[in-house]
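So the protein lines, in turn, are chains A and B. Counting along the first sequence from 1, when you hit position 207 you're at 207 in the working numbering, and nothing is skipped either side. Counting along the second sequence from 1, when you hit position 45 you're at 1045 in the working numbering, and nothing is skipped either side. Cβ coordinates follow ideal geometry from the N, Cα and C atoms, glycine included. See structure below.
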Amino acid sequence: MCRLLLPVFAYGEFMNMYNKKRMIPLALPALILFVCVVVIPFAIGVVYSFTSWRGTYFAGGDYFWQSFVGFENYVRAFHTKRFIDSLIYTVKFTIVAVLVITFFSLFVSLLAFRLKRGTASFYRTVFFLPNLLGGLALGYIWQFIFEIIYSKILFGPHGLISIPALCNMTQNNTKALFALVLLFTWQMVGYMMIIFTIGLNNIPSDMIEAARIDGASNGQVFAHVTLPMLMPSFTIVLFLTLSKCFMLLDQNIALTDGNFGTRLLATQILRTTRDSAPPDYGLAQAQAVIFFILIAAVTLIQVSITTKREVEI
Amino acid sequence: MKLVQKLFLFVCAGSVLLFAGCSGKKTAESSRGYDLYIFNTKGENAEAMKAAADAFGREKGIAVKVFSLGSGTNSDDTLRTEMSSKNKPAIFSVMNSQALVEWVEGKYAMDFSTAKNQDFKKLAGSIPSSLRLQQNGISYGVSYNVEGYGLIVDKNMLADLFGKDSVEPFIGAFITATYEEFEDTVHIIQAYIKSGTAGTVTLSGSTFTLAAQKMGLAKNLTGVFSVAGSEKWTYGDHLVNIAIDTIFPDSAAAKNTTKQELEEGKSSFTAYAKALDLMSQNATTPRGPDLINATINGYDQSVATFAAGKALFLQQGNWAYGNIEKANPGVVKTLTFLPVKMPFTQSDIHVQGLTVGHMNASIPVFVPNYYAINTKVSDKEKELAEEFLVWLNTSAEGQDFIINKMSFIPYNADPAKTSAGYSLGDSIISYMAAGKTITNAYAGAPVGWATENMGAYLMENYLNKKNWPDNAYDDIAGYAVSRWEEMANIN
Chain A
1 MCRLLLPVFA YGEFMNMYNK KRMIPLALPA LILFVCVVVI PFAIGVVYSF TSWRGTYFAG
61 GDYFWQSFVG FENYVRAFHT KRFIDSLIYT VKFTIVAVLV ITFFSLFVSL LAFRLKRGTA
121 SFYRTVFFLP NLLGGLALGY IWQFIFEIIY SKILFGPHGL ISIPALCNMT QNNTKALFAL
181 VLLFTWQMVG YMMIIFTIGL NNIPSDMIEA ARIDGASNGQ VFAHVTLPML MPSFTIVLFL
241 TLSKCFMLLD QNIALTDGNF GTRLLATQIL RTTRDSAPPD YGLAQAQAVI FFILIAAVTL
301 IQVSITTKRE VEI
Chain B
1001 MKLVQKLFLF VCAGSVLLFA GCSGKKTAES SRGYDLYIFN TKGENAEAMK AAADAFGREK
1061 GIAVKVFSLG SGTNSDDTLR TEMSSKNKPA IFSVMNSQAL VEWVEGKYAM DFSTAKNQDF
1121 KKLAGSIPSS LRLQQNGISY GVSYNVEGYG LIVDKNMLAD LFGKDSVEPF IGAFITATYE
1181 EFEDTVHIIQ AYIKSGTAGT VTLSGSTFTL AAQKMGLAKN LTGVFSVAGS EKWTYGDHLV
1241 NIAIDTIFPD SAAAKNTTKQ ELEEGKSSFT AYAKALDLMS QNATTPRGPD LINATINGYD
1301 QSVATFAAGK ALFLQQGNWA YGNIEKANPG VVKTLTFLPV KMPFTQSDIH VQGLTVGHMN
1361 ASIPVFVPNY YAINTKVSDK EKELAEEFLV WLNTSAEGQD FIINKMSFIP YNADPAKTSA
1421 GYSLGDSIIS YMAAGKTITN AYAGAPVGWA TENMGAYLME NYLNKKNWPD NAYDDIAGYA
1481 VSRWEEMANI N
């Protein structure tokens, strides 16, 4: 939801710049839609998380107010081993993935920045392509890569070079985490690279020139000019990768389907209704609310920290 | 500020209007375009079901709407959406007594004793008790059909292994053979496949000699079993069910089990672990990481391996017929079922009247789905639903649809008269005729116990390892019992 709110804030700034009266009718259709398909269902969802909702009926009565259970669903969520396990696994995955994705996308955008215009856009297109694939398709492609190309052709006992750590990566809790990081990095680097590239383009060349005249080395220019000037890009990149890693679902299902304890939070919430009969939608909803609060808290903290580091020119 | 308030009001009003429009009640039959709505779960019979519904509609002069999902798609969420909508299905599907809880608690499933149609009451009463969908003694479902599973084998393969004349005697002897004889047979055939050492196998006292030189189809063999190691349900549901059948007479008994019953049944799970050990050790793919590799040993791959003649046995049900046919049309005509065997002793069996001999010689035959009637539709539609189910299951035309168009084996089939029209279906009917069937008690296990717990535990700890530790059987049996107790909240 947080991600969807951003354009609304952006709209706010836009409105200040132009005639407010004309903006309102223009924004209205989008706003009504937003309220109907996001705000209202979200509010209903929060209400349902306090009831014993079963998907088609409320256990204990005909209406939701007859089946209020207070915070029971939330207490149960934290007592569900699978929920806690998937929470820990998601946090681990997010930390590794955010670091790797940010590093590589910055690296790739710096590389392409040095190239000639035509070559650079060719590389950028190539890096961006994986982003156009859907999560499930990507998951199945990488399942094949890990299970056949890695385990059989390249790194298996009879492969080119035998590297057990890269063999059967989908069959071990820790290896699968890195397998998922690899997959998601491949998917996300192109997108994040574009954001960094725009940031790099926005750094005035006279600043770098001035630093060079002052005798700064390449490393010093990067650390004291480029990095601080890229902070706005870091804010966006970290925000997007953090939230996307937390919310990862399709790739997780397609690659390991949660086997070997690799359920991420989103998968866990989706599967909760299949873990019991009758299906416990109330519990799943409570997990979803916790999930939302968690993502909102983490991303808001991150945005406030990185925004403070942005340099005004 | 005023502007913001106006805007807020406008949005509120807009959304209220929108939602009022959604919940406005229109019950006119004509506006929704049908008189009877059937929610069909089996994608396999989608077209035949539509044809049957149309035929019934023409007979009655009504419009029937059928909704079917794609084959193999989980329909639970879609059904729940339909149930929450304005136009609810009158006939819907329930898989088993565990799934029934939801629809009874939500007051959707109709108690069949409240039916208005006398023919329908008769139909509901005529369903054999082992094939009923019940909760607390009340019937809620009419069986779709029956399905069965076991070790699928190609008779032509047997002919190439033991000689053409030995095929029928071999099948007969195999069915009545003990687990020990089965185990020896597996080892001897595996040795024959791997190193070509011909030998003789003894089943039920008769001996069968392997051809001195591998010939014909036998040359392709790479293992005795084709095991879909990445499909947790093949060993987590179906294989373990055979052990559960020795503990409980039906799924309802399994659902209402006590701690004591489960603890006493532990030895059956040990027998199950031994059988799984035997099957996975003699699979076409050596037991280890490759066996659970979804790209190499998924369902489709295991069927293809069998269809290509690389394995002698495939543990699957008659639903795999279409897939086998797609992989190799040449083998489907000569397929038959053999029972899955486990090393049970009489002390492992806790079901009244059940013997080791019966367990060894039987295949599970059970109802995979039931038609239930929705109480939350109009009385008129409920009566049409009752009439449709009577028509489908008792009229000659309805039976023709079930047997010939849907390729189903009717639950009320008379084994002496019915022909399924395809090898595996006829094989099931022959077991039914001989009375050699067991049930699907595993359907009463706690939801998720079978696939997501048992299956996952085995896949992640055993099927991916070549060598099992000494306490493996005990550990597997212990996990089966303790996880069940935990999930069913019985302590």
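Item: Short CB-CB distance (under 9 Å) between residue 1448 (chain B) and chain A; Value: yes
Item: CA-to-CA distance, residue 216 (chain A) to residue 130 (chain A), given in whole angstroms; Value: 38 Å
Item: Within 9 Å, strictly: CB atoms of residue 1439 (chain B) and residue 1154 (chain B); Value: no
Item: Boundaries of the beta strand (DSSP E) in which residue 1200 (chain B) is found, first to last residue; Value: 1200 to 1203
Item: Close-in-space but distant-in-sequence residues of the same chain around residue 1360 (chain B) (CB under 6 Å, 5 per side omitted); Value: 1341
Item: Contacting positions in the region 1202 to 1233 of chain B - beta carbon closer than 7 Å to chain A; Value: none
Item: Residues from the region 1074 to 1098 of chain B in contact with chain C, defined by Cβ distance under 7 Å; Value: Among the chains of the structure shown, chain C does not appear; the protein chains present are A and B.
Item: Residue(s) in a DSSP beta bridge with residue 1133 (chain B); Value: B:1141
Item: Chain A contact residues for residue 1295 (chain B), given Cβ-Cβ distances below 8 Å; Value: 143, 144, 147, 148
Item: Endpoints, the beta strand (DSSP E) within which residue 121 (chain A) is located; Value: Looking at the DSSP string, residue 121 (chain A) is not in any beta strand (DSSP E); the run it does join, the alpha helix (DSSP H), is 117 to 128.
Item: Distance CB(residue 1181 (chain B))-CB(residue 1204 (chain B)) smaller than 9 Å; Value: yes
Item: Spatial distance of residue 1454 (chain B) from residue 1480 (chain B) (CA atoms); Value: 6 Å
Item: Whole-angstrom distance between residue 29 (chain A) and residue 22 (chain A), CA atom to CA atom; Value: 13 Å
Item: Under 8 Å by beta carbon: chain A residues contacting residue 1459 (chain B); Value: 259
Item: Three-state secondary structure assigned by DSSP to residue 1391 (chain B); Value: helix
Item: Among B:1134, B:1221, B:1080, B:1105, nearest to residue 1370 (chain B) - alpha-carbon criterion; Value: B:1134
Item: Residue 1197 (chain B) versus residue 1310 (chain B) - alpha carbon distance; Value: 18 Å
Item: Buried/exposed call for residue 1238 (chain B), threshold 16 Cβ in 10 Å; Value: buried
Item: Length of the line joining the Cα atoms of residue 302 (chain A) and residue 296 (chain A); Value: 10 Å
Item: Closer than 9 Å to chain A by CB, residue 1456 (chain B); Value: yes
Item: Per-residue burial, residue 1382 (chain B) [other beta carbons within 10 Å of its own, 16 or more giving buried]; Value: buried
Item: Span of the beta strand (DSSP E) around residue 1336 (chain B); Value: 1335 to 1338
Item: 9 Å Cβ cutoff, residue 275 (chain A) in contact with chain B; Value: yes
Item: Same chain, Cβ closer than 8 Å to residue 1400 (chain B), five either side skipped, listed in chain order; Value: none
Item: Rounded Cβ spacing between residue 260 (chain A) and residue 171 (chain A) (contact assumed at less than 8 Å); Value: 6 Å
Item: N-terminal and C-terminal residue of the alpha helix (DSSP H) that residue 1151 (chain B) is part of; Value: Run containing residue 1151 (chain B): none in the alpha helix (DSSP H); it sits in the beta strand (DSSP E), 1147 to 1154.
Item: Residue 1109 (chain B) - DSSP class collapsed to helix/strand/coil; Value: strand
Item: Nearest to residue 1472 (chain B) (by Cα), restricted to the options B:1291, B:1354, B:1449, B:1272; Value: B:1272
Item: Start-to-end residues for the alpha helix (DSSP H) that takes in residue 218 (chain A); Value: 218 to 221
Item: Three-state class that DSSP yields for residue 1418 (chain B) in the structure shown; Value: coil
Item: Euclidean distance between Cα positions of residue 1160 (chain B) and residue 1220 (chain B); Value: 11 Å
Item: Contact with chain A by residue 1299 (chain B), beta-carbon distance below 9 Å; Value: no
Item: Proximity test, Cβ basis, 9 Å: residue 55 (chain A) and chain B; Value: yes
Item: Beta-carbon separation (whole angstroms), residue 1324 (chain B) vs residue 1306 (chain B), contact threshold 8 Å; Value: 7 Å
Item: Residue 1490 (chain B), enclosing alpha helix (DSSP H) - first and last residue; Value: Counting along the chain, residue 1490 (chain B) falls outside any alpha helix (DSSP H), and DSSP gives it neither H nor E.
Item: C-beta contact flag for residue 1252 (chain B) and residue 1244 (chain B) at 9 Å; Value: no
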